[in-house]
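According to mature numbering (1 follows the signal peptide of the UniProt record, and there is no 0), the stretch in the sequence shown is residues -22 to -1, 1 to 288, in order.
Following: one structure in structure tokens, then a few remarks.
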Amino acid sequence: MSYNQLWKVVLVSCVIIRAVSSTFGMDDRIECGRRKLKTVFLIRNGNDAIVGHWPWHATIFHLKGKELEYACGGSILDQNTILTAAHCVTRVSGVIHRRHIYVQLGRIELKQEQDYIQSHDVQEIFVHPKFSQKSIAHDIALVKLASNITFTKYVQPVCIWNLNDQENPIIGKNGTIVGFGLTENDTVSDRLKNALIGIVDPLQCIESDRGAFGHLLTSEMICGKGQNGVSACNGDSGGGMFFEINGKWFVRGLVSFTPGRENNSHLCDGNKNTVFTDVAKYEGWITQYVDLRLLHDPNDLIVEHDERLK
């Protein structure tokens, strides 16, 4: 092979490598987990959320007759995928028809309309194949929207947790939950709220209420508890539990269930622990349905991510 031929081979190889890099490289990734607005926290006694503070939060409505009724929360993963709890999109009879579910993005007040709120019909719903309404196991689902999301200062995707999937590093750490659930007055909050939830050791969680958690808690679940009556409650289901790592926000949990009160099992007990679906355990299932450019390179954070959890 002549020098000129060798040079052409090297040049072509470089072009191919560069093309592949530009297609799948770091620069082509979808940025996730970053707020675009500078801001100065299912939530009982939580603080009111600020516009743009949780741009990845999605509000899910069910169509009841001719009216839309607030149902659950969710998290934006990519340009047309919402992560939520399976029980938010199912009934005993099966998956709710897509035409009976609507998703709004950028909303922080249920009764107040804003120009930046986006509304989307649903194209398809994927419920985890092992989900059980009886045991509440594998309480996770993906909602595919009929139209693409427009990312703005008020609407952004969150990062999928593809770091260490073990629970031990986050025990004792605080995650943030977001939702429109019941307030301390047992009324649905008109304003989006956020609150800190501490991650509880699974054995301690079971010991706190064997009747509620003894037969339900699995390795695919996370147990958490707030302070002074702060907890996830009715209506917070499906909303995310988020951790900030090196300036990026990751979704690690989905609000699944809180034990009911003794006098009314249909309302949550704000003094009890809350159980979250552990998103990290379902990364493989989730990535079948999302834009892979969203996945963060775990090597960027692997050194300090356990210590940087907030």
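A virtual CB, placed ideally from N, CA and C, is assigned to each residue, including glycine.
Opening and closing residue of the alpha helix (DSSP H) in which residue i lies
i	result
Ile264	Glu261 to Ile264
N-terminal and C-terminal residue of the beta strand (DSSP E) that residue i is part of
i	result
Leu46	Glu45 to Asp56
Leu41	His35 to Lys42
Ile74	Taken as a continuous stretch (DSSP letters only), Ile74 belongs to no beta strand (DSSP E), as it is neither H nor E.
Val253	Thr252 to Asp256
Glu102	Gln96 to Val105
residue 297	This structure leaves residue 297 out entirely; the chain is present only between -22 and 288.
Lys14	Lys14 -> no beta strand (DSSP E), and no H or E assigned at all.
Best match in the options for proximity to residue i [C-alpha to C-alpha]
i	options	result
Ala115	Lys131, Ala63 and Arg13	Ala63
Val133	Val29, Val253, Lys250 and Asn224	Val29
Ser110	Gly217, Ile74, Arg13 and Arg69	Arg69
Ile95	Glu102, Glu87 and Gln101	Glu87
Gly218	Ala119, Asn58 and Lys108	Ala119
Val233	Lys14, Gly216, Gln101 and Pro135	Gly216
Asn58	Phe220, Gly262, His75 and Gln101	Gln101
His75	Phe104, Ser53 and Ile184	Phe104
Asp99	Ala36, Pro107 and Asp269	Ala36
Phe221	Asn140, Phe129 and Thr265	Asn140
Lys122	Ile264, Ser197 and Asp143	Ile264
Phe158	Lys171, Leu270 and Ile148	Lys171
residue 297	Pro107, Cys137 and Cys66	Residue 297 lies beyond the stretch modelled for the chain, which goes from -22 to 288, so this question has no answer here.
Val67	Gln92, Glu91, Val178 and Leu41	Leu41
Pro147	Pro107, His78 and Arg230	Arg230
Ala210	Ile175, Leu195 and Pro180	Ile175
Thr236	Lys112, Ser197 and Asp214	Asp214
Thr130	Pro33, Asp179 and Lys108	Pro33
Leu160	Asn25, His78 and Leu181	Asn25
Phe228	Ser71, His65, Leu272 and Ile38	Leu272
Ser97	Ile8, Ser125, His31 and Lys108	Ser125
His31	Tyr260, Lys226 and Leu270	Lys226
Gln182	Arg169, Val156 and Gly150	Gly150
Ser53	Lys112, Asn152, Ile38 and Arg77	Ile38
Local conformation of residue i per DSSP, three classes
i	result
Leu270	helix
Ala63	coil
Ser234	strand
Asp214	coil
His283	Residue placement at His283 cannot be trusted, given a pLDDT of 40 that sits under 50; the coordinates are not used to answer.
Leu88	coil
Lys226	strand
Thr68	strand
Ile138	strand
Gln82	strand
Asn25	strand
Gly202	strand
Phe220	strand
Proximity test, residue i beta-carbon vs the ligand ATP heavy atom, cut-off 7 Å
i	result
Ser110	The ligand content of the structure shown is nil, which means the ligand ATP is not present either.
Beta strand (DSSP E) segments (min. 3 residues) lying fully within the region 140 to 199:
Secondary structure within the region 140 to 199: the beta strand (DSSP E) runs of 3 or more consecutive residues, fully enclosed, are 152 to 157 and 171 to 178 (chain order).
>> So, does the region 75 to 82 touch the region 154 to 173, judging by three or more C-beta pairs under 8 Å?
In response: The count of Cβ pairs closer than 8 Å, one atom from the region 75 to 82 and one from the region 154 to 173, stays below three, leaving the stretches out of contact.
With contact counted as at least three CB pairs below 8 Å, one residue from each stretch, are the region 41 to 60 and the region 183 to 203 in contact?
Too few Cβ pairs lie closer than 8 Å, so no.
**Asked** How do the region 255 to 266 and the region 177 to 192 stand: do at least 3 beta-carbon pairs fall below 8 Å, yes or no?
**Response** Judged by Cβ distances under 8 Å, the region 255 to 266 makes no contact with the region 177 to 192, as fewer than three pairs qualify.
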